[in-house]
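Encoded as C-alpha coordinates, the structure appears first; notes follow it.
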Amino acid sequence: MTNSSLHEKLLQLALPAVRAQGLDIWGLELIEGGQMLVRLYVEKGPGAEAPASGSASATQAPDSATDGSEEQSVQQLSATVNQCESISRQFSLALDAEDVIDRAYTLEVSTPGFNRIFFGTSQMQDYIGDMVEARLPNPWSPGEGLPARRTWKGRLLKADSDTFTIAPATVDADGIVTDEALPEAVIPFDRARRVSRMHIFVRPQKPGKKHK
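Note that the working numbering numbers the sequence shown so that position 151 is 389, with each residue one more than the last.
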(Lines of atoms letter the chains of each structure in order from A; the text may use other names.)
(Lines give C-alpha, C1' and ligand atoms only; values in the text may rest on other atoms or scores of the structure.)
Protein backbone atom coordinates (compact mmCIF):
# COMPACT_ATOMS: atom_id res chain seq x y z
CA MET A 239 0.00 0.00 0.00
CA THR A 240 1.41 3.37 -1.02
CA ASN A 241 1.70 6.22 1.49
CA SER A 242 -1.08 8.07 -0.34
CA SER A 243 -3.52 5.15 -0.18
CA LEU A 244 -2.52 4.40 3.42
CA HIS A 245 -3.18 8.04 4.32
CA GLU A 246 -6.68 7.87 2.81
CA LYS A 247 -7.45 4.56 4.50
CA LEU A 248 -6.39 5.89 7.90
CA LEU A 249 -8.62 8.94 7.47
CA GLN A 250 -11.57 6.65 6.70
CA LEU A 251 -10.88 4.55 9.81
CA ALA A 252 -10.47 7.60 12.05
CA LEU A 253 -13.60 9.44 10.93
CA PRO A 254 -16.24 7.43 12.88
CA ALA A 255 -14.33 7.85 16.17
CA VAL A 256 -13.85 11.57 15.54
CA ARG A 257 -17.48 12.21 14.55
CA ALA A 258 -18.68 10.28 17.63
CA GLN A 259 -17.09 13.03 19.71
CA GLY A 260 -18.76 15.80 17.70
CA LEU A 261 -15.44 16.79 16.10
CA ASP A 262 -13.88 17.08 12.64
CA ILE A 263 -10.53 15.90 11.31
CA TRP A 264 -8.13 18.78 10.71
CA GLY A 265 -5.46 16.56 9.18
CA LEU A 266 -3.26 13.51 9.50
CA GLU A 267 0.51 13.15 9.32
CA LEU A 268 2.51 10.02 8.60
CA ILE A 269 6.07 10.49 9.82
CA GLU A 270 8.57 7.80 8.85
CA GLY A 271 11.40 6.79 11.14
CA GLY A 272 12.55 3.80 13.14
CA GLN A 273 8.88 3.52 14.05
CA MET A 274 6.10 5.16 12.03
CA LEU A 275 4.31 8.02 13.77
CA VAL A 276 0.62 8.45 12.95
CA ARG A 277 -0.43 11.91 14.16
CA LEU A 278 -4.14 12.79 13.90
CA TYR A 279 -5.30 16.38 14.45
CA VAL A 280 -8.92 16.98 15.47
CA GLU A 281 -10.98 20.00 16.41
CA LYS A 282 -14.51 21.27 16.49
CA GLY A 283 -15.82 22.18 13.06
CA PRO A 284 -18.52 24.71 12.18
CA GLY A 285 -21.14 22.01 11.69
CA ALA A 286 -20.06 19.60 14.44
CA GLU A 287 -22.70 18.23 16.78
CA ALA A 288 -22.41 18.03 20.55
CA PRO A 289 -20.63 14.93 21.96
CA ALA A 290 -22.82 11.90 22.50
CA SER A 291 -23.90 10.88 25.99
CA GLY A 292 -21.00 9.40 27.94
CA SER A 293 -18.32 11.27 26.04
CA ALA A 294 -16.38 14.27 27.27
CA SER A 295 -18.65 17.20 28.06
CA ALA A 296 -18.27 20.77 26.87
CA THR A 297 -16.17 23.20 28.89
CA GLN A 298 -18.12 24.55 31.85
CA ALA A 299 -18.64 28.25 32.45
CA PRO A 300 -16.77 29.60 35.50
CA ASP A 301 -20.02 30.49 37.28
CA SER A 302 -21.89 27.28 36.53
CA ALA A 303 -24.22 25.98 39.25
CA THR A 304 -22.79 23.19 41.39
CA ASP A 305 -25.76 22.40 43.66
CA GLY A 306 -27.13 19.54 41.57
CA SER A 307 -29.12 21.71 39.20
CA GLU A 308 -28.47 21.56 35.50
CA GLU A 309 -25.06 23.10 34.82
CA GLN A 310 -24.66 25.71 32.15
CA SER A 311 -21.92 25.28 29.60
CA VAL A 312 -20.16 27.46 27.13
CA GLN A 313 -19.54 26.42 23.57
CA GLN A 314 -16.61 24.08 23.31
CA LEU A 315 -13.99 25.72 21.13
CA SER A 316 -11.66 22.76 20.67
CA ALA A 317 -11.23 19.10 21.54
CA THR A 318 -10.72 18.15 25.17
CA VAL A 319 -8.07 15.76 26.48
CA ASN A 320 -10.80 13.20 27.23
CA GLN A 321 -12.09 13.42 23.68
CA CYS A 322 -8.62 12.92 22.23
CA GLU A 323 -8.07 9.90 24.49
CA SER A 324 -11.40 8.40 23.46
CA ILE A 325 -10.63 8.90 19.78
CA SER A 326 -7.18 7.37 20.25
CA ARG A 327 -8.65 4.23 21.85
CA GLN A 328 -11.31 3.74 19.18
CA PHE A 329 -8.97 4.56 16.30
CA SER A 330 -6.36 2.15 17.67
CA LEU A 331 -8.95 -0.65 17.82
CA ALA A 332 -9.92 0.05 14.21
CA LEU A 333 -6.28 -0.03 13.12
CA ASP A 334 -5.71 -3.36 14.85
CA ALA A 335 -8.87 -4.85 13.33
CA GLU A 336 -8.06 -3.72 9.79
CA ASP A 337 -4.31 -4.41 10.11
CA VAL A 338 -3.47 -1.73 7.53
CA ILE A 339 -0.08 -0.75 8.97
CA ASP A 340 2.50 -3.49 8.39
CA ARG A 341 5.09 -2.19 10.87
CA ALA A 342 5.43 -0.87 14.40
CA TYR A 343 3.79 2.50 14.85
CA THR A 344 2.90 5.12 17.44
CA LEU A 345 -0.48 6.86 17.39
CA GLU A 346 -0.98 10.44 18.61
CA VAL A 347 -4.27 12.36 18.68
CA SER A 348 -4.25 16.07 19.48
CA THR A 349 -5.64 19.46 18.48
CA PRO A 350 -3.88 21.54 15.80
CA GLY A 351 -2.95 24.20 18.37
CA PHE A 352 -1.93 27.79 17.68
CA ASN A 353 0.98 26.87 15.41
CA ARG A 354 -1.22 24.67 13.30
CA ILE A 355 -0.08 22.83 10.21
CA PHE A 356 -2.14 23.43 7.08
CA PHE A 357 -3.11 20.43 4.96
CA GLY A 358 -4.58 22.50 2.13
CA THR A 359 -5.09 26.09 1.07
CA SER A 360 -8.80 25.98 2.02
CA GLN A 361 -7.74 25.76 5.68
CA MET A 362 -5.75 28.98 5.32
CA GLN A 363 -8.72 31.21 4.48
CA ASP A 364 -9.51 31.99 8.13
CA TYR A 365 -5.92 33.07 8.83
CA ILE A 366 -5.50 35.90 6.32
CA GLY A 367 -3.26 38.53 7.94
CA ASP A 368 -1.51 36.05 10.23
CA MET A 369 2.14 35.07 9.96
CA VAL A 370 2.77 31.76 8.21
CA GLU A 371 5.87 29.70 7.54
CA ALA A 372 6.48 27.52 4.49
CA ARG A 373 9.31 25.00 4.62
CA LEU A 374 10.52 23.72 1.26
CA PRO A 375 12.65 20.67 0.42
CA ASN A 376 15.22 22.87 -1.36
CA PRO A 377 16.01 26.59 -1.69
CA TRP A 378 13.56 28.13 -4.16
CA SER A 379 12.67 31.57 -5.49
CA PRO A 380 8.95 32.35 -5.94
CA GLY A 381 9.72 34.88 -8.67
CA GLU A 382 11.68 37.84 -9.95
CA GLY A 383 13.21 39.99 -7.22
CA LEU A 384 12.89 37.23 -4.62
CA PRO A 385 15.88 35.24 -3.30
CA ALA A 386 15.99 31.46 -3.20
CA ARG A 387 15.13 30.23 0.29
CA ARG A 388 14.39 26.91 1.94
CA THR A 389 12.06 28.62 4.44
CA TRP A 390 9.66 31.45 3.62
CA LYS A 391 7.91 33.47 6.33
CA GLY A 392 5.43 36.29 5.92
CA ARG A 393 1.96 37.71 6.42
CA LEU A 394 -0.67 35.65 4.64
CA LEU A 395 -2.37 37.83 2.02
CA LYS A 396 -4.38 35.34 -0.01
CA ALA A 397 -5.07 31.62 -0.38
CA ASP A 398 -6.27 30.28 -3.73
CA SER A 399 -7.10 26.75 -4.84
CA ASP A 400 -3.48 25.61 -5.10
CA THR A 401 -1.29 28.59 -4.12
CA PHE A 402 -1.00 31.09 -1.30
CA THR A 403 0.49 34.57 -1.25
CA ILE A 404 2.57 36.10 1.52
CA ALA A 405 4.20 39.46 2.19
CA PRO A 406 7.70 38.37 3.28
CA ALA A 407 8.46 39.36 6.87
CA THR A 408 10.77 38.45 9.74
CA VAL A 409 10.11 37.88 13.44
CA ASP A 410 12.74 38.78 16.03
CA ALA A 411 13.35 37.25 19.47
CA ASP A 412 10.92 39.75 21.06
CA GLY A 413 8.10 38.71 18.72
CA ILE A 414 8.22 41.88 16.63
CA VAL A 415 7.20 41.34 13.00
CA THR A 416 9.07 43.42 10.41
CA ASP A 417 8.04 43.50 6.76
CA GLU A 418 10.86 42.82 4.30
CA ALA A 419 11.49 45.08 1.33
CA LEU A 420 10.56 42.31 -1.09
CA PRO A 421 7.76 41.70 -3.59
CA GLU A 422 4.84 39.46 -2.61
CA ALA A 423 5.65 35.76 -2.85
CA VAL A 424 3.19 33.35 -4.47
CA ILE A 425 3.96 29.83 -3.31
CA PRO A 426 2.39 26.64 -4.75
CA PHE A 427 1.09 24.64 -1.79
CA ASP A 428 2.35 21.34 -3.22
CA ARG A 429 5.88 22.70 -3.48
CA ALA A 430 6.13 23.20 0.29
CA ARG A 431 7.08 20.33 2.55
CA ARG A 432 5.23 21.89 5.48
CA VAL A 433 3.08 25.02 5.82
CA SER A 434 2.05 26.26 9.25
CA ARG A 435 0.68 29.26 11.09
CA MET A 436 3.13 31.13 13.31
CA HIS A 437 1.75 32.07 16.71
CA ILE A 438 3.62 35.26 17.60
CA PHE A 439 4.29 35.85 21.28
CA VAL A 440 5.36 39.42 21.95
CA ARG A 441 7.76 39.47 24.87
CA PRO A 442 6.77 42.04 27.53
CA GLN A 443 9.09 45.03 27.47
CA LYS A 444 10.70 46.62 30.48
CA PRO A 445 9.37 50.09 31.38
CA GLY A 446 11.02 52.79 29.31
CA LYS A 447 12.23 50.40 26.61
CA LYS A 448 10.95 51.07 23.11
CA HIS A 449 11.26 49.09 19.93
CA LYS A 450 13.11 50.75 17.11
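Glycine included, each C-beta is placed from N, C-alpha and C at the ideal position.
How about residue i and residue j: do their beta carbons lie closer than 8 angstroms?
{"i": "residue 339", "j": "residue 333", "result": "yes"}
{"i": "residue 407", "j": "residue 391", "result": "yes"}
{"i": "residue 423", "j": "residue 384", "result": "yes"}
{"i": "residue 281", "j": "residue 261", "result": "yes"}
Once you ignore the five residues that flank residue i on each side, which residues in its own chain have a CB closer than 6 angstroms to its CB?
{"i": "residue 277", "result": "267, 346"}
{"i": "residue 244", "result": "none"}
Under three-state DSSP, which class holds residue i?
{"i": "residue 353", "result": "coil"}
{"i": "residue 443", "result": "coil"}
{"i": "residue 372", "result": "strand"}
{"i": "residue 342", "result": "coil"}
{"i": "residue 331", "result": "helix"}
{"i": "residue 429", "result": "helix"}
{"i": "residue 316", "result": "coil"}
{"i": "residue 311", "result": "Caution applies to residue 311, whose pLDDT of 36 falls short of 50 and renders its modelled position unreliable; the model cannot decide the point."}
Taking the beta strand (DSSP E) that residue i falls in, what are its first and last residues?
{"i": "residue 396", "result": "387-397"}
{"i": "residue 416", "result": "415-417"}
Looking at the secondary structure, which residues open and close the alpha helix (DSSP H) in which residue i lies?
{"i": "residue 406", "result": "Per DSSP, residue 406 belongs to no alpha helix (DSSP H); it is in the beta strand (DSSP E), 401-409."}
{"i": "residue 261", "result": "Looking at the DSSP string, residue 261 is not in any alpha helix (DSSP H), and its letter there is neither H nor E."}
Leaving out five residues before and five after residue i in sequence, what residues of the same chain have Cβ atoms less than 8 angstroms from its Cβ?
{"i": "residue 441", "result": "411, 412, 413"}
Give the DSSP bridge partners of residue i, in chain order.
{"i": "residue 269", "result": "275"}
{"i": "residue 252", "result": "Residue 252 pairs with nothing; no bridge assigned."}
{"i": "residue 281", "result": "262"}
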